[in-house]
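Here the sequence shown is numbered in the UniProt record's numbering, starting from 1 and rising by one per residue.
Written out below as structure tokens is the structure these notes cover.
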Amino acid sequence: MEAFPFRIAFCESEMKTRPCSNLVDNQTEKYGWQTQPFSHFPVSIVLEFSEMRNIQKISIISHEFKIAS
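Quick look at the structure:
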């Protein structure tokens, strides 16, 4: 499946060490995105694509120790 380039148009919460921009710059040495501790849920994030796209699937992956409870 093809990955489309995108930018983060809005991110409601992020840690300085794990900003939303890490989602765009998909490199193995990055640590992904993480919200501030004790954020109010749900947390919103808005992705913006450069052109109209037919999105069939978005995968959201969470580390087992980072899942909100």
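Note that the Cβ used here is the ideal one computed from N, Cα and C, for glycine as well.
Under 8 Å by Cβ, that's how I've got residue i and residue j pegged, so tell me the actual separation to the nearest angstrom.
i             : j           : result
isoleucine 45 : glutamate 2 : The Cβ separation is near 21 Å, so there is no contact.
Taking only three categories from DSSP, how would you classify residue i?
i             : result
valine 24     : helix
proline 10    : The residue asked about is misnamed: residue 10 is phenylalanine in this sequence, not proline. The answer is strand: DSSP assigns phenylalanine 10 an E or B state.
methionine 52 : coil
isoleucine 58 : coil
isoleucine 67 : coil
valine 43     : coil
Going by alpha carbons, who is nearest to residue i out of the options?
i            : options                       : result
histidine 40 : Glu14, Glu64, Glu51 and Ala9  : Glu14
proline 37   : Ile61, Ala9, Arg18 and Glu64  : Arg18
histidine 63 : Leu47, Asp25, Tyr31 and Gln56 : Tyr31
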